[in-house]
Each structure stands twice: as C-alpha cells, then as structure tokens.
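Worksheet: the structure to be examined is printed underneath.
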Amino acid sequence: MSLIKQLWIAIALVMSIAFGGSMVVSVLSARHYLEQQLQVKNIDNATALALSLTQLPKDEVTVELQVAAQFDAGHYRFIRITSPTGKTLVERVSTSKLLGAPDWFVKLIPIHTTPGQALVQDGWIQYGTLTLASQDIYAYQSLWDGTIELLLWFVLGAAAAGGVGTLALRIITRPLGEVVDQAQAIAERRFLTITEPRTPELKSVARAMNEMVGRLKTMFTEEATRLEALRQKVNRDAVTGLSSREYFLSHLREALQGDQFGSSGTLVMLRLPDLNELNTQLGRQQADALLKDIGTVLYESGNGRIGQRAGRVKGAEFAIVCPTFATATEAAMDIHARLLQDVLPKWQDKVPELFHLSAVRYQREQNMGELLAQADQALAQAASHGQNNWHAVEDSQAKAALPAEQWRTLLTEAVSGGRLALSFFPVVSGDGAVALHREGMLRLQTDAQGTLLTAGEFMPMAAQLNLTAPIDLGVVKLAIEHLRTSSGDIAVNLSAETIADHAFRHELTQLLKAYPEVCQRLLFEVPEYGVFRQFDAFRELARNLKLLGCRVGIEYFGQRFADSGKLADLGLDYIKVHPTYIRGIANNEGNQEFLKGLCNMAHALGITVLALGVENRGDLPLLATLGFDGATGPGLG
Amino acid sequence: MPKLFDTRLTTAVRGLWFGACALMLGLSLAWVASLAEPNLDKTQALALQRYGERAAQTIAAWRQLIEESRALPDSEKVNKVNTFFNRRILFKSDMEVYHEEDYWATPLEFMGNGAGDCEDFAISKYMTLQMLGIGNEHLRLVYVRYKVGSTTPIAHMVLGYYPQPTEEPLILDNLISSVRPASMRTDLSPVFSFNGDGLWVGGAATSSADPTARLSRWRDVLVRMRQEGL
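Protein chains in written order, with our numbering: chain A, 2 to 638; chain B, 7 to 236.
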C-alpha cells in the first residue's frame, strides 16, 4: 500500500475514533442526565401527591379526582394507587404514542427510569402505595434531536477535517512526489536535480540525491571536456582548426560510400602558394595568421549545411566536401565569394596571387583517388584563369535534378502509394556473433524499373518540402509490420525535422499505443545534428517513447561532442558512433583513445555504444577492446 | 431541560478531540456502582476509629442484639429493638449534637454519639428491624403531631410497625419506653409516612455516585449508611 494511502487511512481512523467516540459519550451523558431528571421528578411528584392525599378524606371520589387532576394537568405515563393487599384502587395511564424518535432509536438507547413511589395513609392505617411515572416522550425526542444535531456536526466536522487532511497530505506529499520522480528518473538514467523541499527529512534525501547527480554531471562534463580536447588534438589541424588530413579523408569516404548523404555532391579544393614560399615571404607568424583566416572562412562556409566539412589536406592545400550544393559551380562561387570578401582584402598587398579554387562533382561509390586527381586537374585549370580565380567541372553524366514540384508529387505518391520500403542491415554484438537488432534503412522506389533511392538522396528534399513527418510515420508503420511478422528487434531513423513536429509526436504516440506488444522491440534513432538542433523536442520525444517501452538512441554520434554533457538527463539507450572515427581505427591510436574514453563515459551513463561504418570484420576485436557493445557497417552485411 | 441539554451538546462538540478520553472515563464510572451487603465489621471498626471505645461497645452490643433476636417472632424483635435504643441512647436535639437545625443521623452516627433526636431513633430502629428480616411493607417512618393536653403541639417522628399491612400499627416511640398500638396513642396524630420502598429499585442505577440521591434528606441518609457498611 502506498504511503499516501496509509496516511489517509490513519487520518480517517483517528477522525472516526474522535468523532464517533465523542458522539457516543455525548449521547450517553445526555441520556444519563435525562434519566436523573426524570427519576427526581418521579420521586418528588409521588411524594407530593401522596402527602396531599394523606391529608384528604379517603372517599373514592376525592381520591379519584385528586389523582385525575394531577394526571391531566401534569406529564405522566401513569399514576396508580394500590392497596396494601395489592389491589389497584385508582389508575390513570397515558395512551400517547411515542412520537419524535423512531422505535429503533428508543430500543437502541432506552431511557431507564424507575417510577416514583410514596405511601398514602388513612390516619394510622395504610391506605395504599402511590406509584407514578413521568412521561418520557419528550426526553426521547430531546435525545433524538440532540443526536441528530450531533451527527450533523460529526458529518460536517469529518468533512472539514477530511478536506483539511487531504490538503495537508497534498502539501506533505508534493515534495515526496518530486523526490520519487527524481529517484525514478535516476533509475532510468536521466540525471535530474530538483529544488530541495522544506520538509527536513525529504530535504536531506533530495540534497543527497542532488549532490550525487551534481557530482555525476560534473564527472561527465569533465570527462567530456577531456575527450573533446583529445578528439580535437587527434582530428583537427592545430593551426586552422579545420579537420586534419586523415579525418577529412575519412569524412570524404563516408560521403562517397555512406548512406547519410545524397548520391552526389561537390568537392572543392583550395590551393595557396607553396607553404615554404609563404613562410619566407611573410614570416612564420604571418603565414600562420593567413592560414587561420582561411580556416575560419572555410569553417563558417559549412554553417547550416549538413555534412559540409573542410579539411587541411596538405601544407597549403584545403578541401571542402559539400553534399548539399546542387552544382559544382554554385559551390565554387559560394566559397570564392566568401574568400574575396573576408580574406583577400587583408592579404592582397602582401600576397597578390593568394589562391586558386576548383570544384568537381562526385558520385556515390566513386573512387576517392580519382576524385582527388580530378580536383587537382581542375585546380590547374583555375590557375590558368588568372590569379585568385576558380574553375568548376560539372558532371556530364549527371541526371538533371528534378524540380521541387516533381519531388513533391514523387514523395507524396510514394507515401500514399506504398512505395517506401525498408532495407535491413544487421547490428551485431561486439564479438560479431549475435545480431542485436536490424537497422531499417529507408528506400524509395521511384519508377517501374525498381530503382531505389536511399534516404540521403531524397530526405533533404523532403525536408525542404516539409514532407518528413508523413515519411517517418510511414517508416514506423513499415517497421511495425515487420515486427509483427518476424522476430528480432528493429531500429528506424527519425529525421531531425520531424522530431520538432508536435503533431507528428502525437500521431507517433497514438500509433505505438495501438501496438503495445511490439514497442519493446522497436528502436528509434535520430542523427546527432538533429538531436542538438531540436534538443528539447528530442528530450520530450525520448521521454514519450521510453514510457511506451521503446528504446531511443542517437546515430552518427561524436561530432558535437562538446555538448554531450547534456546527454546525462536524456535516459538514452544507445549511441551509434560516427563512421568517421571507425574507419581506419586500427591505425589511428589517437581515435582509439578517444573512443575508449567515449565508451567508458557512455557505459557510466548506462548507454550502449555501437560502431557505425565498420568495413572490415577484422576490426571487431579491436572495437570490442575499446568498449564497443556492437557494430554495423558494410563489412558486416 | 432542553436548554441544558444543548449546552452539554455544545460542550461535547467543542471537546471533540477529548471524546476518546471521556469515553474511557464514562466506562470506568460505571464500575463504581456496586451493591454492598451489610458489613458490620466495617461499621464497628469505623465506630472505634471515629467515636472511641464506648461507641464500639455500643455497636458490639447492637450486633449482639441482632444475633440474639434473629430467631425471635417479629413482635419480640420489635420490643427488643425499641428497648435497646430507648435505654442506650440519650435524647438530644440536633443543635446540641450536630450543631445543625435538622440532621438525619445514620445508625453509626447515632450510636457513636450516643445521642440523637426523634428521627434518629426512628431511623435506627427502622434499619435494625429491616436487618432482622422484617419487610418494608411492615414498617413506616411516620411524621406525627405530638400534643399532650393543652400544650403547643410539636413535630415528632415515630416508627410504625404493621403486623399486617392493613391493620393498625404498633408505635415505636422514643418518648415512651414501651411499644404500644396506635389506637392507644391519642397524643399522636399521623401526618405522612414513608419507607425505603421504591428508593433502591434497580440498585446500581441509584448509586452513591448519583448526585441526585444526596439532595433528598432521606436518600442522603441511606447513601451514608451504605458507605458505613450497612
């Protein structure tokens, strides 16, 4: 039984005893009082009547009249005179019926009085014994009325006390509820702090838990800061703050092979004069300042463009992978314009021929070496255009991009016409033996030939057209279908755009409530950039989904690491670490250390860590050593 | 009366939280009532303690009288009891003995002080005869008007013994030594009579704890008697 119920019962019990007891006492004492008064009246009246009868002549008429007069004018149940031999000489008995008090009450609380007795003399001779009893109807009535009134007070008092008690309980248990909620949240690995209640007992509990949560959070934050520093050191170029060569190439490979982005994109290359030349010309410090300026501009060019990333690939050579620009020309012009505006005016005097810029298109599955060679070639052409100029190479074979309206038709029809499909990829345990779950990747069939588009190819367009919500709902429906017909767990992706949609969250909850039996086997994951862009929405979504029994995770985790302190109060079940860190992990000791720390921290929060983009089964033992609980990727299909 | 009841009711409501305690008190009060059997040892001890050796001797003699008279016929009992008190006890007014205008003494007080007025004689005789097994219906305490010749009549009390309830009584009077039939007592005219009938009906209901019992002079003396072991 809950504490609150027990308190309530205790209050009710105490009140019943207090009210009920006082009522019984009141009624009984009132009865006792009435009995006494009636008794005294009986005795006194009998004596008075007997005294006056003794003085009077004892003829029948006088005695009869005397008794009748007393009886008729007074309040008597009966008056009787019996002779010493026991014969009744005179008798008057009231025929009044009991009124005012119900029979059961009279039976329950009877008023016991004894009739008054007195002796009547006729000179020295005994004339008889006079017995009389007073009328007790009014006594019963008075007792009954009093009892009713008392009962009324009892009910009123009980109601008032009950109301006050309920209020008091509510006030008492409000902080208790908060403490309980906090404890539950901690059990679900959401580390929340609460305001300390004023009740001293609860206060110390809440304080202890708050301190514990605070310490944990500090610990996580410190660990996150340390790991972030490590990550920066390993994966960033110290001078420009851009990605290091290795990290950039890993990202480029992901763009070329992964599922996250579209099937085509642009690679931009930027070449400065030879670094040694710059150092000679400007001095080491100035040269570094120039590189830093370039780095800042390139970094800022990626703001708001998902997947765009700049890296320093050689001493004075930079590359930018741009998955979101429609053509190479657009990409080249955008970055060129930024350079002209923010870098050139400052440095043109000292270095008139500052840079060349080229842009080439790439297609999914293209060879990275070839792509880099193409870009190199385009750079040469840019140089031929004159100083600080650019050159873009469009892909002659590229399919003409569909206009937005056609996309809308295509996507709407796909949702309604059931042309969405899930393609499943296994996620295996750390040793590669057991399938933890299958990840359902969204595919869209565009034409009768069965050409399938990956999510990365059409979801950006869907996001622009505000169509992600129906598509994501379609995905969940597909997953539910699969779960109902097959065994094992399934993970599905939700778009960053969708999770902020209140209507979608509501619809999703309703949908899942209709299939409570599959919720345990359904996993939801949201890309990291989506989580941090819509953090509050994600937190609420995660809360709702977890209440339904689903698991929630973050995919492509690791690039916004500085914010990961926030993860402590989400109650996440798993994270999937970005493939950029996983590719080539065997030869990257820096990233090994980073990932090891990441796994430790996640495990402390009770979060399962999975590796994305594993290309080689041989990497599994190493990943398991680093602390990964599972992995997925092309090498494991 | 309803007004008083209301007051009690209000008090009860006010004292709501003490209800439980009051309940306990009420329950324990019920135990106080008890029906005592005559305990003459207690009476004698009290006499010694309160009035001294002489009083204790009087009580002892009285107890002996009771023992000796138990087997006698009723008329003999009446004579013996009348003689015992008339000889042993002095007539003195209440003012002298108790410094009160009118005081009804119990047999213990009466014998302890060795003195009393007319109603004290009548009461002690009445109680003694009752203890000897003579029923209430044979005994009456009678208020009488006492007048000899042309003197001013005075208020007096005697005990009447009715061998048969319907017949003329024998009068036990402290003013004359012997028991005589009422018809021979022309100096007395009866005014009113009473006995213990109807006072103790229900026993426990009219206990010494009942304050109303002490308000009547007659019931008061009966209550005190009980406390003294009679």
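A virtual CB, placed ideally from N, CA and C, is assigned to each residue, including glycine. Everything numeric in this text was worked out from a predicted model, so none of it was measured.
{"Asked": "Sub-7 Å separation of B/Val87 and B/Thr134 beta-carbons", "Found": "yes"}
{"Asked": "Inter-residue Cα distance where the pair is B/Glu174 and B/Pro187", "Found": "7 Å"}
{"Asked": "Any C-beta of chain A under 7 Å from that of B/Asp290", "Found": "Coverage of chain B is limited to positions 7 through 236, which leaves residue 290 of chain B absent and any answer about it impossible."}
{"Asked": "Strand pairing of A/Asn667, partner residues [DSSP]", "Found": "No statement about residue 667 of chain A is possible, as the shown extent of chain A runs from 2 to 638 and does not include it."}
{"Asked": "Contact with chain A by B/Glu3, beta-carbon distance below 7 Å", "Found": "Because chain B in this structure spans residues 7 to 236, residue 3 of chain B falls outside the shown range and cannot be described."}
{"Asked": "Complete runs of the alpha helix (DSSP H) confined to the segment 6-88 of chain A [at least 4 residues]", "Found": "61-74"}
{"Asked": "7 Å CB neighbourhood of A/Ser95 in its chain, flanking five on each side removed", "Found": "Tyr77, Arg78, Phe79 and Gln136"}
{"Asked": "Three-pair Cβ contact test at 8 Å for the segment 13-26 of chain A versus the segment 153-169 of chain A", "Found": "yes"}
{"Asked": "Buried versus exposed call for B/Ala36 [16 or more other C-beta atoms within 10 Å across all chains shown]", "Found": "Reliability of the predicted coordinates at B/Ala36 is poor, the pLDDT of 39 falling under 50, and the value obtained from them is presented with this limitation in mind. Exposed: under 16 other Cβ atoms inside 10 Å."}
{"Asked": "Members of the segment 129-155 of chain B that neighbour chain A once the beta carbon cut-off is set at 9 Å", "Found": "Glu143, Arg146 and Val148"}
{"Asked": "Separation of A/Lys6 from A/Ile149, as counted between CA atoms", "Found": "31 Å"}
{"Asked": "Where A/Lys577 falls, given that 16 or more other Cβ within 10 Å makes a residue buried", "Found": "buried"}
{"Asked": "Option in A/Pro85, A/Ala31 and A/Ala159 with minimal Cα separation from A/Ile110", "Found": "A/Ala31"}
{"Asked": "CA nearest to the CA of A/Leu152, picked from A/Ser27, A/Val269 and A/Leu273", "Found": "A/Ser27"}
{"Asked": "Counterpart residues of A/Phe221 in DSSP-defined beta bridges", "Found": "A/Phe221 pairs with nothing; no bridge assigned."}
{"Asked": "N- and C-terminal bounds of the beta strand (DSSP E) containing A/Gly266", "Found": "Ser265 to Arg272"}
{"Asked": "Terminal residues of the alpha helix (DSSP H) in which A/Leu250 lies", "Found": "Arg246 to Gln258"}
{"Asked": "Complete runs of the alpha helix (DSSP H) confined to the segment 120-197 of chain A [at least 4 residues]", "Found": "138-188"}
{"Asked": "Interface positions of the segment 111-137 of chain A facing chain B (Cβ-Cβ less than 8 Å), listed along the chain", "Found": "His113, Thr115, Pro116, Gly117, Gln118, Ala119, Leu120, Gln122, Gly124, Trp125, Ile126, Gln127, Thr130 and Thr132"}
{"Asked": "Among A/Thr281, A/Lys347, A/Trp348 and A/Arg272, the one whose alpha carbon lies nearest that of A/Arg645", "Found": "Chain A is shown only over 2 to 638; residue 645 of chain A falls outside these bounds and no answer can be derived."}
{"Asked": "Any C-beta of chain A under 7 Å from that of B/Phe242", "Found": "Given a span of 7 to 236 for chain B in the structure shown, any question on residue 242 of chain B remains unanswerable."}
{"Asked": "Min CB distance A/Thr148 to chain B below 7 Å", "Found": "no"}
{"Asked": "First and last residue of the uninterrupted alpha helix (DSSP H) at A/Glu278", "Found": "Leu276 to Leu283"}
{"Asked": "Distance between A/Val25 and B/Asp193 (C-alpha atoms, nearest Å)", "Found": "58 Å"}
{"Asked": "Cβ contact (3+ pairs, closer than 8 Å) linking the segment 98-109 of chain A and the segment 161-179 of chain B", "Found": "no"}
{"Asked": "Same chain only: Cβ atoms within 7 Å of A/Trp9, ignoring 5 sequence neighbours per side", "Found": "Leu170"}
{"Asked": "Residue-chain proximity (A/Leu100, chain B), Cβ-Cβ < 7 Å", "Found": "no"}
{"Asked": "Exposed unless 16 or more other CB atoms sit within 10 angstroms - verdict on B/Val154", "Found": "exposed"}
{"Asked": "CA-to-CA distance, A/His357 to A/Leu345, given in whole angstroms", "Found": "12 Å"}
{"Asked": "Endpoints, alpha helix (DSSP H) assigned at A/Met369", "Found": "Met369 to Ser385"}
{"Asked": "Reduced DSSP secondary structure (H/G/I, E/B, other) of A/Gly591", "Found": "helix"}
{"Asked": "Interfacial residues, the segment 48-59 of chain A to chain B, with Cβ spacing under 8 Å", "Found": "Thr48, Ala51, Leu52, Thr55 and Gln56"}
{"Asked": "Check whether A/Thr325 and A/Arg306 have beta carbons under 7 Å apart", "Found": "yes"}
{"Asked": "Among A/Thr581, A/Asn617 and A/Leu624, nearest to A/Lys597 - alpha-carbon criterion", "Found": "A/Leu624"}
{"Asked": "Per-residue burial, A/Gln40 [other beta carbons within 10 Å of its own, 16 or more giving buried]", "Found": "buried"}
{"Asked": "Which residues DSSP lists as bridging A/Gln118, in chain order", "Found": "A/Thr132"}
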